[in-house]
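Number of protein chains: 2
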Amino acid sequence: MKNKDKKLSKKNFSEWYHEILALADIVDDRYPVKGMLIYKQWGLFIIRETQRRLESLLEENGHQLVLFPVVIPENILGKESKHIAGFENEVFWVTHAGKNKLDVKLALRPTSETPIYEMFRLWIRSHKDLPLKVHQSCAVYRYETKHTRPLIRGREFLWNEGHAAHKDEEDAKKNINEIKKIYSKLIQDFLFIPFLINKRPEWDRFPGATETYAFDTIMPDGKTLQIATVHNLGQNFSKVFDINFEDETGEKRFVHQTSYGPSFGRLLAALIAIHGDDLGLILPPKLAPIQVVIVPIFYKDSDKDKILDYAKKIEAKLKEMNLRVYLDLSDERPGAKFYYWEMKGVPLRIEIGPRDLANEEITIARRDTKEKISIKFSALEKIFDIFSDFERNIKEKAKKEFQSKVFEANDLETLKEKAGSGICISGWCGNEDCKVKIEEFTSILGVEEGKEKKCVICGKKGIEIRTGKPY
Amino acid sequence: MKNKDKKLSKKNFSEWYHEILALADIVDDRYPVKGMLIYKQWGLFIIRETQRRLESLLEENGHQLVLFPVVIPENILGKESKHIAGFENEVFWVTHAGKNKLDVKLALRPTSETPIYEMFRLWIRSHKDLPLKVHQSCAVYRYETKHTRPLIRGREFLWNEGHAAHKDEEDAKKNINEIKKIYSKLIQDFLFIPFLINKRPEWDRFPGATETYAFDTIMPDGKTLQIATVHNLGQNFSKVFDINFEDETGEKRFVHQTSYGPSFGRLLAALIAIHGDDLGLILPPKLAPIQVVIVPIFYKDSDKDKILDYAKKIEAKLKEMNLRVYLDLSDERPGAKFYYWEMKGVPLRIEIGPRDLANEEITIARRDTKEKISIKFSALEKIFDIFSDFERNIKEKAKKEFQSKVFEANDLETLKEKAGSGICISGWCGNEDCKVKIEEFTSILGVEEGKEKKCVICGKKGIEIRTGKPY
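Sequence order for the protein chains is A and B.
First residue of the first sequence? That's 10 in the working numbering, and the numbers climb one at a time after it.
First residue of the second sequence? That's 10 in the working numbering, and the numbers climb one at a time after it.
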């Protein structure tokens, strides 16, 4: 148990964020390679649960789990020209092994389109093999030159990447919609993180994609954070990787492709940032490594054994209910225990004193609302209702907060004023000059081609855009 | 569904092994980097279940889950001189990133003693922090110059590695015993793979260790396969990494350390090789991606709907029982389906024909014994008993096979004759000349210092040794 010498305050978000990562033992950022972290148990548990949930959604949808090697031969990474142009400044290169220089340099994967499509060529023969949908959960490597930030921008990060091959554009679009739904389910209904899906402008697409959709959330400091992306790759990769199939009529055709991925690190960063408060983390029950902590309170020595027995009885019962429960019997004072487990974000704390024992009751303290609730021991299953209400509450709170940071900005003044405080909804005529003027102080995150809106710079007819300052 | 053109035969083990890996879609070894595999869903499922079981055993034992970066700076990997001497010919080096040459070369981890102990120095202050036990499941990288073989010897392989720091030698030995028990439980009671634990001779220890214990199993071709190791590191690493703690008296002392790991790839290879037969894989129910496959058999079109309804009813019931079940409604003939799912190793097949329907019965075919068993629909939970018997049966079969390959070899002739057919129990006087003579045709896998046995070469007093030809 670590001592807290200092009060956390979320007002200074950047400081709060770094402090809580260390205090709650989420990651250790002291590893001697810039931008690379050590994941600790408390954080890894959340990442693993997120991963498991996503994987099961993808598998229900027909995705096959795979795992590819971490390295990509230079000639394969370089096949698609726009793709390699987008990544060549960010690639870590393995050039030697033992005392030998390698004949072909190996890249640490920055993303896995190229190695996976190299195999798709072998795996796909006929229209019966389509759609082929695979996914893997792994780390990827990018030599970031921007300022790195734990879980938000690193040189090694954990994600799940999905890759699919389709018989035509229509099936590719269908998959994009299904993936958007799956990611929405994960992010909104499991992590309770609000977001907007933005269609990135042409200059901000994934290298090699014909369309890129991004899930953007808003962090407490008003900056936006891209937590997942979905790409339409058209036939750009299938043509250079020669991924073709025989269609129903016996004709050879190139597949259409899609690829997509959420970042587990950024999802964890957003979860921490959006739900947490001045006391520390607030973890949704399904994701909390410990869901219920039991703190027995001994006033008199004569009560001690009885209270302890009662605490153990509750612990056993909760375990029977398949809950992750921890009975804190350390030497700390109850107040210090409360403080510590609140900081760690444990959803419910059960305090057990002599009165609880006498009444066969249990006092439950909710981490989110700080409410105290008394329930009978015989009605312990009410905890599940409390969990549901907990989830509903943090979801709603996060949503309200998010909505308060989405602004209509129909004039330049508002756009300037609100830039960096969230996401602005504005208009843009499509003209390069107006784009440059907008991007002097903010970034265009999304272009909504279907929605008309006057340009915020020149006043001419345009389309809706979403702007913000991304991490 | 793949067609099988050729009959498998386990007599030619090497051919059988490579064919079944491809046929059952365990891995794809056509990735264009030597010694690196693509793991496919059927194999990954088994690895993940093995990993999950091991991780939960380690966590019950007080191990904390961590995940370290894949790269190790050269200066850290090189700190312990014996360790780096043992690995320097096998290390992949990252030397460049983007267009820049890195100031410090980065190794792809061949094992993680050095990066983890670099952090142990920061994490350990007092005797209260001890023992500190962590583990991670990850891939490691070794530039093997020997012949590579899928899952058995590769340049990228999946494992779990545990690392612990102890206050003294006694606690280190205690941990070694606990880990031996945990690994035994995993390998013997979950994977049903028989093994011997061999204390490696001095010249075959892990680089930097004072003792190395290895779990050796025997493959169908008589070669031995090291599937897990446990090392006593003494204070070799703690002294160079300066990992010290304040003991109860306030004195600074260096920790003792242990490290250990099983290879998930090799465990999978052994599982496939040891339990499989001429029809293909035989998977233990707990590890099978599909535990029960249902194949409806339609003789007459008029029966079709009724049989299909019955099949779906059984499927629903089995899912309710939390079983992984698959109803095969593909266009293949029943015979082809039987063949395919037998090859994939699915433990139980349920065939449903008109008679089963009429009698509200179910015909179950066991993959291990090929027995057919009829049970009533109302007694479906008998499947769990069949699973238990299945496990008992393959465990016993594997054990018998193993025991038939362990030989007493008290004279040179027997030792020579049996070398390469399994493990020989012999004696050795400790003399270098005699060692050289033994290792001319076999390898010393284990030295049992406590057990006296006459030297198989010179006849003088010696200790028991175990020999064999390892993969």
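Even glycine gets a Cβ: it sits at the ideal position worked out from N, Cα and C.
A quick note: this is a predicted structure, and the numbers were derived from the prediction, not measured.
Checklist entry - With a Cβ-Cβ cutoff of 8 angstroms, do valine 355 of chain B and alanine 418 of chain B count as a contact? => result no
Checklist entry - Does the beta-carbon distance from glycine 217 of chain A to asparagine 245 of chain A come in below 8 angstroms? => result yes
Item to check | Counted within 10 angstroms of its Cβ, other Cβ atoms place asparagine 12 of chain A as buried (16 or more) or exposed | outcome: Here asparagine 12 of chain A scores only 48 on pLDDT, less than 50, and its place in the model should not be relied on; the value that follows carries that caveat. Classification for asparagine 12 of chain A: exposed.
Item to check | Spatial distance of glutamate 97 of chain A from leucine 242 of chain A (CA atoms) | outcome: 19 angstroms
Item to check | Residue nearest to glycine 71 of chain A in terms of C-alpha spacing, selected from A/Pro140, A/Ile382, A/Lys315 and A/Lys328 | outcome: A/Pro140
Checklist entry - Which first and last residues belong to the alpha helix (DSSP H) in which tryptophan 51 of chain A is found? => result 50-69
Checklist entry - Three or more beta-carbon pairs under 8 angstroms between the segment 401-409 of chain B and the segment 424-442 of chain B, yes or no? => result no
Checklist entry - What in chain A is Cβ-close to threonine 104 of chain B, meaning under 7 angstroms? => result Trp102, Thr104 and His105
Next on the checklist: Let me see if you follow: with CB-CB separation under 8 angstroms, is glutamate 165 of chain A close to chain B or not?
Outcome noted: yes
Next on the checklist: Let's test the definition: count the other Cβ atoms within 10 Å of the Cβ of leucine 327 of chain B and tell me whether it reaches 16, buried, or not, exposed.
Outcome noted: buried
Item to check | Beta-carbon neighbours of phenylalanine 273 of chain B, restricted to chain A and to distances below 9 angstroms | outcome: Going along chain A, no residue has its Cβ under 9 angstroms from phenylalanine 273 of chain B, so there is no contact; the nearest lies around 11 angstroms.
Next on the checklist: Can you check which of these residues, A/Ile323, A/Arg342 and A/Asp340, is closest to glutamate 334 of chain A by C-alpha distance?
Outcome noted: Checking the sequence, you will find valine at residue 334 of chain A rather than glutamate. Here the closest residue by C-alpha is A/Ile323.
Item to check | Under 8 angstroms between C-beta atoms of leucine 277 of chain B and isoleucine 56 of chain B | outcome: yes
Checklist entry - Just how far apart, CA to CA, sit serine 247 of chain A and threonine 123 of chain A? => result 10 angstroms
Item to check | Every unbroken alpha helix (DSSP H) within the segment 115-177 of chain B, with a cutoff of 4 residues, ordered by chain | outcome: 122-132
Checklist entry - To which residues of the same chain is lysine 213 of chain B closer than 6 angstroms at the C-beta, ignoring the five residues directly before and after it? => result The sequence given here places aspartate at residue 213 of chain B; lysine does not occur at that position. Contacts found: none.
Next on the checklist: Distance cutoff 8 angstroms, beta carbons only. Does proline 78 of chain B sit that close to anything in chain A?
Outcome noted: yes
Checklist entry - Mind checking methionine 10 of chain A: buried by the 16 CB within 10 Å criterion, or exposed? => result The predicted position of methionine 10 of chain A is uncertain, since its pLDDT is 42 and thus under 50; no value can be drawn from it.
Checklist entry - In terms of residue numbering, what span does the alpha helix (DSSP H) encompassing cysteine 443 of chain A cover? => result 441-447
Checklist entry - Hey, does isoleucine 252 of chain A have any beta-carbon neighbour from chain B nearer than 8 angstroms? => result no
Checklist entry - Is there at least one Cβ from chain A nearer than 8 angstroms to valine 334 of chain B's Cβ? => result no
Checklist entry - What are the residues that DSSP puts in a beta bridge with valine 456 of chain B? => result B/Ile474
Checklist entry - Should glutamate 458 of chain B be labelled buried (16 or more other beta-carbon atoms within 10 Å of its own) or exposed? => result exposed
Item to check | Limits of the alpha helix (DSSP H) - the one that histidine 27 of chain B falls within | outcome: 22-32
Next on the checklist: Tell me the DSSP secondary structure of lysine 43 of chain B in three-state form.
Outcome noted: coil
Checklist entry - Where glutamate 170 of chain B and phenylalanine 77 of chain B are concerned, what is the direct C-alpha to C-alpha distance, given to the nearest angstrom? => result 11 angstroms
Item to check | Contact list for tyrosine 152 of chain B against chain A, beta-carbon separation under 7 angstroms | outcome: Ala106 and Gly107
Checklist entry - Can you list the residues of chain B that lysine 49 of chain A reaches, using a CB-CB cut of under 7 angstroms? => result Val75
Checklist entry - leucine 131 of chain B CB to nearest chain A CB: under 8 angstroms? => result yes
Checklist entry - Is valine 113 of chain A buried or exposed, if buried means 16 or more other CB atoms sit within 10 Å of its CB? => result exposed
Item to check | Simplified DSSP state of proline 264 of chain A, which is helix, strand or coil | outcome: Before going further, note that residue 264 of chain A is valine rather than proline in the sequence given. If DSSP states are grouped into helix, strand and coil, valine 264 of chain A belongs with coil.
Item to check | Neighbour list for valine 42 of chain B in chain A, Cβ cutoff strictly below 7 angstroms | outcome: Pro78, Val80, Pro82 and Leu115
Next on the checklist: Nearest by alpha-carbon distance to serine 18 of chain B: which of B/Gly285, B/Ala237, B/Ala33 and B/Asp312 is it?
Outcome noted: B/Gly285
Checklist entry - If you run the structure through DSSP and keep just helix, strand and coil, what is alanine 223 of chain A? => result strand
Checklist entry - Roughly how many angstroms separate the alpha carbons of tyrosine 480 of chain A and isoleucine 252 of chain B, rounded to a whole number? => result 37 angstroms
Next on the checklist: Is the beta carbon of proline 298 of chain B closer than 8 angstroms to that of tryptophan 132 of chain B?
Outcome noted: no
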